[in-house]
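Just so you know, the sequences run in chain order Z and E. For the first sequence, my numbering assigns the number 1 to the initial residue and increments by one for each residue that follows. For the second sequence, my numbering assigns the number 1001 to the initial residue and increments by one for each residue that follows.
Protein chains: 2
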Amino acid sequence: MQPDALVRGLHRGDARSVARAITLVEEGTDQGMAILEKLDRERIDRALVVGMTGPPGAGKSTLSAQLIAQLRDRDLRVGIVAVDPSSPISGGAILGDRIRMMRHALDPEVAVRSMATRGRLGGLCSAAGAAVRIMAASGCRVILLETVGIGQSEMDIVALADITVMVLAPGFGDDIQAMKAGILEVADLLVINKADQPGARRLHLDLAAACRDGDKGGQKILETVASEGQGVDELLDRIFLLEEELRQGPGMRARRARSFELETLDQALELLREPLRRRIRDTEGGNRDPRRLAREIVDRLVGRKPGSTAAGGKHGR
Amino acid sequence: MQPDALVRGLHRGDARSVARAITLVEEGTDQGMAILEKLDRERIDRALVVGMTGPPGAGKSTLSAQLIAQLRDRDLRVGIVAVDPSSPISGGAILGDRIRMMRHALDPEVAVRSMATRGRLGGLCSAAGAAVRIMAASGCRVILLETVGIGQSEMDIVALADITVMVLAPGFGDDIQAMKAGILEVADLLVINKADQPGARRLHLDLAAACRDGDKGGQKILETVASEGQGVDELLDRIFLLEEELRQGPGMRARRARSFELETLDQALELLREPLRRRIRDTEGGNRDPRRLAREIVDRLVGRKPGSTAAGGKHGR
């Protein structure tokens, strides 16, 4: 199928066109690129990307399924991109099974895609971002971007979202103190799922204490029992409220600019792998240290005087 | 301290010089680079890098500690580089605690270093490789390169090793079928740790069946009870036997070439982040798709005609 026809199909919300378009992008084809450039930008601007993250076992998937049900009740088209950056082993399969079990797998107004590493992490962030835009252009009002864990790779992907929801559960709160430094700040909303289980109150208090040190107080904490649908409606309301705030201020624009940069950088680095590999192989590595060779190659690429350290600067600009 | 003095210190096996040199490299300083270029290359060639990998809970750390004890009994200097690429949260700290508990923490003939992501994965592989070389130059006959899990990032790091040991345990063998595709091939030796526990025999049979499809048969499977030191001696003998084979044939040279390329590539990509970020920010992103902008920037960098797809080729050369 030609890109134009595929774009027409996906703008109509046709599920197969959406899936095919994402595949063409993932494969790095010119058609994929052409499709991305023809997407309805207004729909992309209007869509909200919600990152769902948290430790495995906290109930992210159940909560995501419930959020999808709520969104469908409100007659909104929804997308979910589930990304597993952690495992080259069975991650992809598990994710697929999980998604197949979801109640809404057959609903044409729910776009579903799962992604896992195929041998390396590079490009995964960029592929996820493109999938999100394709779903948005197909009419999805909200796209959930779900990862399987809270490792560094997951954080890189969730940074693409407009709003980040961190899902926790009793029993996972033991290292709140350790989490404080990094993850609690990243999350816009902290959901204590399985809030009917022992330890939920304690987790809530710990989280509130940890957040009080930050600027937003404990106000971003919510409780859910996703398995019974409790608190999901309220969570969705909070998400939309936050969206409104972000759109009225400069927040949304700043977040989109950040994710644009992340995605472009991820894809540029991915595209550079092969040219770099070729240059490394073409060099007489000889007795050189790998770091020296890397610097020489990069200096030559960016047109700097060899030996200058500027390319190694950390947070320049 | 000047690089020359530091290099003299680390060549004498001085622990503080080793630690300081690794830090200078991690920080991307010119001194670090100068140190790497002055390292004793013969020692680096002579040292053996053993990758220790496997799922969390299989007993990798206990086994590593036992291997270190064995190596010390044989009067060999040892290094261990423990890398945690998975978690920006508490991973680093856990690793540190774990290492502090090791019996040999105070033995001057055991070099220890732990590394975790500091906000991103890039450069971790290169830093680990440099730490390994510094330890080798300090006289370590064997350097263990240990990771915390079996995700993609861990695999990228373990690929730096000359010999890879995959540590498994009963109860972790449920998805052997899923593992077959990827990880079993990567490992030179498969260790069933906790071999005294129920399920060990079953795991052994499953692994043997999985390996039989491969070329090396089930010969690479060993059993240990690391907590009691059982099988550790045999494992070490097997490691050295494998080393001899690799050094007599082209194997060792090929593996070193691969790790040289991996490390150089990782570091080159890391050095390119800031120049790329600057170029992205300096561009009028406007209505362009991130993938298009990435391709334009890369095409300009590698001197290709804009719009050509060659930079996107997957396994070119």
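Built from N, CA and C at the ideal position, the CB exists for glycine as well.
| Query | Result |
| --- | --- |
| Span separating the alpha-carbon of E/A1093 from that of E/M1115 | Confidence is the limiting factor: at E/A1093 the pLDDT is only 42, short of 50, which leaves the residue's position unreliable and the question unanswerable from this model. |
| Local Cβ density within 10 Å of E/R1279, reported as buried at 16 or more and exposed below that | buried |
| Buried versus exposed, by CB contacts within 10 Å (16 or more), E/E1223 | buried |
| Chain E contact residues for Z/S126, given Cβ-Cβ distances below 8 Å | P1290, R1291 and A1294 |
| Start and end residues, beta strand (DSSP E) containing Z/M1 | Taken as a continuous stretch (DSSP letters only), Z/M1 belongs to no beta strand (DSSP E), as it is neither H nor E. |
| Where the alpha helix (DSSP H) containing Z/S126 begins and where it ends | L124 to A137 |
| Residues from the stretch 244 to 278 of chain Z in contact with chain E, defined by Cβ distance under 9 Å | A257, S259, F260, E261, L262, E263, T264, L265, D266, Q267, A268, L269, E270, L271, L272, R273, E274, P275, L276, R277 and R278 |
| Neighbourhood of Z/G79 by C-beta distance below 6 Å, restricted to the same chain and skipping five residues each side | A111, M135, C140 and I143 |
| Three-state class that DSSP yields for E/E948 in the structure shown | Nothing in the structure corresponds to residue 948 of chain E, since chain E is present only between 1001 and 1317. |
| Proximal residues to E/M1001 (C-beta, below 6 Å), its chain only, five neighbours per side dropped | none |
| Given 8 Å, three or more beta-carbon pairs between the stretch 1021 to 1035 of chain E and the stretch 1189 to 1207 of chain E | no |
| Separation of E/R1072 from Z/Q66, as counted between CA atoms | 56 Å |
| Minimum C-alpha distance to Z/R255 - residue among Z/A268, Z/T53, Z/D40 and Z/D45 | Z/D45 |
| Min CB distance E/R1043 to chain Z below 8 Å | no |
| Residue nearest to Z/R41 in terms of C-alpha spacing, selected from Z/P56, Z/L203 and Z/V7 | Z/V7 |
| Cβ-based neighbour list, Z/Q197, same chain, cut-off 6 Å, excluding 5 preceding and 5 following | P170 |
| Beta-carbon spacing of E/S954, E/E1146 below 8 Å | Residue 954 of chain E cannot be examined here, being either before or after the span of chain E that is shown, 1001 to 1317. |
| Exposure of Z/P290, with buried meaning 16 or more beta-carbon neighbours within 10 Å | buried |
| Own chain partners of Z/R16 with C-beta closer than 8 Å, once the 5 adjacent residues on each side are dropped | G9 |
| Segments of 4+ residues assigned as alpha helix (DSSP H) that fall wholly inside the stretch 31 to 70 of chain Z | 41 to 46 |
| Short CB-CB distance (under 8 Å) between E/M1115 and chain Z | no |
| Contact set between E/I1280 and chain Z, taken where Cβ atoms lie within less than 9 Å | F260, E261, T264, L265 and A268 |
| Span separating the alpha-carbon of E/T1062 from that of Z/D299 | 43 Å |
| Below-8 Å beta-carbon distance, Z/A130 vs any chain E residue | yes |
| Z/A208, enclosing alpha helix (DSSP H) - first and last residue | A200 to R212 |
| Near-chain Z residues of the stretch 1011 to 1044 of chain E - C-beta to any C-beta below 7 Å | G1028, D1030, M1033, L1036, E1037 and R1041 |
| CB-CB length for Z/V81 against Z/A159, believed under 8 Å | Wrong, their Cβ atoms sit about 14 Å apart, outside the cutoff. |
| Candidates Z/E26, Z/E274, Z/P56 and Z/L276, of which the one nearest Z/G129 by Cα | Z/E26 |
| Residues that E/M1155 bridges to, as DSSP identifies them | For E/M1155, which the question treats as bridged, DSSP gives no partner whatsoever. |
| Opening and closing residue of the beta strand (DSSP E) in which E/V1018 lies | That residue, E/V1018, is in no beta strand (DSSP E); its alpha helix (DSSP H) goes A1015 to E1026. |
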